[in-house]
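Counting the sequence shown from 1 gives a position; the working numbering is that position plus 11. Here is the structure we will look at.
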Amino acid sequence: MSTAALLGIALASVVLLLVLIIRFQVHAFVAMMLVSILVALVAGMPTADIVPTLIQGMGGTLGSVAILVALGAMLGRIIEVSGGAGSLAHRFTGWLGPKRVPAALTAAALVLSIPVFFDVGFIILVPIIYGFCKAAKVDPVKFGLPVAGIMLATHVVVPPHPGIVGGAAVLQADVGWITLLGLAICLPLAVLSQYVGGWINRRRYAMLPTTAEQFAAFDAGSNEKERLAAPGVGVVLALIIVPLLLIMLGTTGATLLPKGDPVRGVLSFIGAPVFALMVAIGLAFFLIARRQGWSNARTSEVMESALPPAATVILVTGAGGVFAKVLTSTGIGAALSGTIASAGLPLLLAAFLISLALRAAQGSATVAILTTCGLLAEAVASGGFSTVQVALIAVAIGFGGLGLSHVNDSGFWIVTRYLGLSVADGLRSWTVLTTVLGIAGFLLTALLWALMG
12 MSTAALLGIA
22 LASVVLLLVL
32 IIRFQVHAFV
42 AMMLVSILVA
52 LVAGMPTADI
62 VPTLIQGMGG
72 TLGSVAILVA
82 LGAMLGRIIE
92 VSGGAGSLAH
102 RFTGWLGPKR
112 VPAALTAAAL
122 VLSIPVFFDV
132 GFIILVPIIY
142 GFCKAAKVDP
152 VKFGLPVAGI
162 MLATHVVVPP
172 HPGIVGGAAV
182 LQADVGWITL
192 LGLAICLPLA
202 VLSQYVGGWI
212 NRRRYAMLPT
222 TAEQFAAFDA
232 GSNEKERLAA
242 PGVGVVLALI
252 IVPLLLIMLG
262 TTGATLLPKG
272 DPVRGVLSFI
282 GAPVFALMVA
292 IGLAFFLIAR
302 RQGWSNARTS
312 EVMESALPPA
322 ATVILVTGAG
332 GVFAKVLTST
342 GIGAALSGTI
352 ASAGLPLLLA
362 AFLISLALRA
372 AQGSATVAIL
382 TTCGLLAEAV
392 ASGGFSTVQV
402 ALIAVAIGFG
412 GLGLSHVNDS
422 GFWIVTRYLG
432 LSVADGLRSW
442 TVLTTVLGIA
452 GFLLTALLWA
462 LMG
């Protein structure tokens with residue numbers, strides 16, 4: 012089949028995927044599986060090979076993704092239920108002082124968003140945002156906007172979040188390097204989120220009546236007993252920092268030590284993200300569950316409650332792997348990579364722009380990241396890139412999934428409704444903030460590419 016025909020199939024598959032998800036409200040998992048089958052048929056794949064290819068794509072992606080997403084969800088759920096998020100926010104505020112409450116909340120949000128999914132983490136912090144805003148006599152959007160911005164930035168580029176973990180599996184990128192690079196870029200983005208959020212908040216936004224009633228009725232003192240019983244900030248930080256240190260240790264060992272070195276093998280084992288998260292879960296059991304007086308049954312119940320929402324994420328991620336496998340097996344990936352190479356468009360820029368366009372078109376950052384990784388997997392595999400460069404490509408795709416959050420994004424509605432923004436004001440504020448952070452994140456990624464390439 013000609014290159015033009017294969018590229019036409021690729022374009023039609025993406026359009027069909029968008030139509031199914033946006034127009035007909037088909038679940039992303041079903042839509043991606045259906046489109047994968049149709050692509051295989053139209054591209055001429057033998058019917059006897061289609062189902063085995065789908066299974067290979069699903070299994071190859073979920074081998075590591077399912078474990079990481081499940082463990083990350085459990086760790087986040089333990090921190091959430093125990094009240095650790097509140098401890099974190101209040102202690103950061105104490106450290107930075109009452110005059111720097113917005114910066115303290117943003118810093119706490121950056122740390123909390125590493126193990127906790129964006130929508131869950133933001134909802135957890137809403138009562139804390141409301142409490143500080145009432146004390147400061149300002150609207151929730153003043154403190155909440157930069158908090159939401161950095162939490163979403165972390166969600167799209169820092170494992171164990173599903174989009175970037177699934178994308179890493181599709182591109183065969185090193186999760187340790189993605190973690191290091193993603194966190195390194197998110198630190199300045201946290202500062203940028205604070206300043207851009209303040210600039211956006213120069214104008215006053217009329218609060219929605221329903222949010223105004225909820226905010227007026229909020230009693231900050233009602234959470235005092237729960238806050239005092241929550242685990243200390245040192246415990247919460249340990250649960251987040253220890254696995255990160257283990258991952259960094261493994262990545263450092265793999266970079267500095269030669270292959271075959273026994274020490275490198277040990278460091279690679281303890282630095283594997285799966286092992287690092289297992290260590291964090293074990294620490295959470297002793298440092299939170301036992302100290303909170305939870306029984307084994309209660310601890311198991313808390314951990315199990317994290318799995319139903321994670322299951323959907325895992326399935327969608329696996330379907331992204333199926334789509335990528337079909338694109339590769341049919342030769343579409345090779346045709347696309349050849350076209351990009353002949354067009355002279357830098358792969359890093361193409362990765363960001365494709366992901367940004369898909370994000371704007373269908374709303375889900377996870378779907379945008381996975382689809383882009385599937386489209387570019389062949390180009391990355393055949394490009395002769397270093398381990399760090401492949402990780403940077405994955406991060407660039409992640410930042411493409413950050414920008415242009417608008418009305419087709421569930422996160423848009425969560426943020427605007429809790430902060431009391433109308434749709435128009437949400438587009439003026441939240442959409443602008445996510446786009447600025449996405450572009451800034453990509454520019455920083457491109458800078459690292461130039462320095463480390």
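Glycine included, every Cβ here is placed at the ideal spot set by N, Cα and C.
Legend entry - DSSP three-state assignment for GLN400, whether helix, strand or coil: Within the sequence shown, the letter at position 389 stands for residue 400. The answer is helix: DSSP assigns GLN400 an H, G or I state.
Inset, instruction - Could you please give the first and the last residue of the uninterrupted alpha helix (DSSP H) stretch that includes GLN205? - result: The count along the sequence shown starts at 1 and reaches residue 205 at position 194. Element bounds for GLN205: 186-211.
Inset, instruction - Please say whether VAL207 and PRO151 have beta carbons closer to each other than 9 Å? - result: In the sequence shown, residue 151 corresponds to position 140, counting from 1. In the sequence shown, residue 207 corresponds to position 196, counting from 1. Not a contact, by the Cβ cut-off of 9 Å.
Inset, instruction - Take every Cβ of the region 80-100, pair it with every Cβ of the region 118-137, and state whether three or more of those distances are shorter than 8 Å. - result: yes
Inset, instruction - Quick one: grab the DSSP three-state call for PHE143. - result: Taking the first residue of the sequence shown as position 1, residue 143 is located at position 132. Helix, per DSSP.
Legend entry - Three-state secondary structure assigned by DSSP to LEU219: By 1-based counting over the sequence shown, the position of residue 219 is 208. Coil at LEU219, not helix or strand.
Legend entry - Separation of ALA217 from VAL80, as counted between CA atoms: Within the sequence shown, numbered from 1, the residue matching residue 80 stands at position 69. Within the sequence shown, numbered from 1, the residue matching residue 217 stands at position 206. Their backbone Cα atoms lie some 38 Å apart in a straight line.
Inset, instruction - At 4 residues or longer, and completely inside the region 121-175: list those alpha helix (DSSP H) runs for me, N to C. - result: 129-147, 151-168
Legend entry - Rounded separation between VAL406 and THR456 - CA only: Here residue 406 refers to the residue found at position 395 of the sequence shown. Here residue 456 refers to the residue found at position 445 of the sequence shown. The alpha-carbon atoms of VAL406 and THR456 are separated by roughly 7 Å.
Inset, instruction - Quick one: which unbroken alpha helix (DSSP H) runs of 4-plus residues sit fully inside the region 233-288? Chain order, please. - result: 235-240, 244-267, 273-281
Legend entry - Span of the alpha helix (DSSP H) around ALA51: Here residue 51 is taken as the residue at index 40 of the sequence shown, counted from 1. Unbroken alpha helix (DSSP H) run through ALA51: 39-53.
Inset, instruction - Please confirm if the region 262-270 is in contact with the region 297-316, defined as three or more CB-CB distances below 8 Å between the two stretches. - result: no
Inset, instruction - Please say whether GLY74 and ALA179 have beta carbons closer to each other than 9 Å? - result: Here residue 179 refers to the residue found at position 168 of the sequence shown. Here residue 74 refers to the residue found at position 63 of the sequence shown. No, Cβ-Cβ distance for ALA179 and GLY74 is not below 9 Å.
Legend entry - Other residues of its chain near ALA54: CB distance less than 6 Å, five sequence neighbours each side excluded: The residue given as residue 54 occupies position 43 in the sequence shown. Hits under 6 Å: ILE20, THR341.
Inset, instruction - Starting from ILE425, trace the alpha helix (DSSP H) both ways and give me its first and last residue. - result: Along the sequence shown, read from residue 1 onward, the residue named residue 425 stands at position 414. Taken as a continuous stretch (DSSP letters only), the alpha helix (DSSP H) holding ILE425 covers 421-430.
Inset, instruction - Answer yes or no: do LEU403 and LEU192 have a C-beta to C-beta separation smaller than 9 Å? - result: Locating residue 403 in the sequence shown gives position 392, counting from the first residue. Locating residue 192 in the sequence shown gives position 181, counting from the first residue. Cβ distance < 9 Å, so LEU403 and LEU192 count as in contact.
Inset, instruction - State the DSSP-derived secondary structure class of THR382, mapped to helix, strand or coil. - result: If you number the sequence shown from 1, residue 382 lands on position 371. Looking at THR382 - three-state DSSP - the assignment turns out to be helix.
Legend entry - Reference LEU260, options VAL246, ARG275, PRO269, closest by Cα: Locating residue 260 in the sequence shown gives position 249, where the first residue counts as 1. Among VAL246, ARG275, PRO269, the Cα nearest to that of LEU260 is on ARG275.
Inset, instruction - Go ahead and label PRO170 buried or exposed: buried means 16 or more other beta carbons lie within 10 angstroms of its beta carbon, across all protein chains shown. - result: Locating residue 170 in the sequence shown gives position 159, where the first residue counts as 1. Flag for PRO170 reads buried.
Inset, instruction - Using 8 Å as the cut-off, classify the Cβ of CYS144 as near or not near the heavy atoms of the ligand GDP, replying yes or no. - result: This structure lacks the ligand GDP; in fact it carries no ligand of any kind.
Inset, instruction - Using the Cα positions of ALA287 and GLY97, report the straight-line distance between them to the nearest angstrom. - result: For the purposes of this step, residue 287 is identified with residue 276 of the sequence shown, where counting begins at 1. For the purposes of this step, residue 97 is identified with residue 86 of the sequence shown, where counting begins at 1. Roughly 24 Å between the two C-alpha positions.
Legend entry - For VAL447, the three-state DSSP class (helix, strand or coil): On the sequence shown, position 436 is the one that residue 447 refers to. If DSSP states are grouped into helix, strand and coil, VAL447 belongs with the helices.
Legend entry - Option in GLY431, TRP460, ILE325, LEU458 with minimal Cα separation from PHE226: As a working mapping, residue 226 is identified with position 215 in the sequence shown. Minimum Cα distance to PHE226 is reached at GLY431.
Inset, instruction - Determine contact between the region 431-444 and the region 377-395, defined as no fewer than three beta-carbon pairs at a distance below 8 Å. - result: no
Inset, instruction - Can you tell me which of the three DSSP states LEU28 falls into? - result: Locating residue 28 in the sequence shown gives position 17, counting from the first residue. Three-state result, LEU28: helix.
Inset, instruction - Figure out for me which residue from GLY95, SER366, PHE133 has the closest Cα to the Cα of PRO242. - result: Translated into positions along the sequence shown, residue 242 becomes position 231. Considering only alpha carbons, the answer is GLY95.
Legend entry - Per-residue DSSP class, three states only, for THR456: The residue labelled residue 456 in the question sits at position 445 within the sequence shown. Helix.
Inset, instruction - Consult DSSP for GLY94 and reduce its assignment to one of helix, strand or coil. - result: Residue 94 sits at position 83 when you count from the first residue of the sequence shown. Coil, per DSSP.
Inset, instruction - Assuming VAL313 contacts LEU99 (C-beta within less than 8 Å), just tell me the rounded distance between them. - result: What you label residue 313 is simply residue 302 of the sequence shown in a count that begins at 1. What you label residue 99 is simply residue 88 of the sequence shown in a count that begins at 1. With 8 Å as the limit, VAL313 and LEU99 do not qualify as a contact, their Cβ atoms being about 18 Å apart.
Inset, instruction - Rank PHE35, MET56, VAL62, ARG34 by C-alpha distance to the C-alpha of MET44 and give the top, closest one. - result: Within the sequence shown, residue 44 is the residue found at index 33, counting from 1. Comparing Cα-Cα distances from MET44 to each of PHE35, MET56, VAL62, ARG34, the minimum goes to VAL62.
Legend entry - Three-state class that DSSP yields for HIS417 in the structure shown: In the sequence shown, the residue the question calls residue 417 occupies position 406. It is coil, neither helix nor strand.
Legend entry - Under the three-state DSSP convention, the category THR341 falls into: By one-based count along the sequence shown, residue 341 stands at place 330. Of the three classes helix, strand and coil, the one that applies to THR341 here is coil, per DSSP.
Legend entry - Spatial distance of ARG428 from SER397 (CA atoms): In the sequence shown, the residue the question calls residue 428 occupies position 417. In the sequence shown, the residue the question calls residue 397 occupies position 386. Going by the C-alpha atoms only, they are around 43 Å apart.
Inset, instruction - Would you check if the distance between the CB atom of VAL76 and the CB atom of ILE325 is smaller than 9 Å? - result: Counted from its first residue, the sequence shown places residue 76 at position 65. Counted from its first residue, the sequence shown places residue 325 at position 314. Against a cut-off of 9 Å, the Cβ pair of ILE325 and VAL76 comes out as a contact.
Legend entry - Cβ pair GLY411, THR72 closer than 9 Å: Along the sequence shown, one-based indexing puts residue 411 at 400. Along the sequence shown, one-based indexing puts residue 72 at 61. Against a cut-off of 9 Å, the Cβ pair of THR72 and GLY411 comes out as no contact.
Inset, instruction - Pull up the distance between the alpha-carbon of SER416 and that of THR310, whole angstroms please. - result: As a working note, residue 416 is residue 405 in the sequence shown. As a working note, residue 310 is residue 299 in the sequence shown. Each residue's alpha carbon lies about 36 Å from the other.
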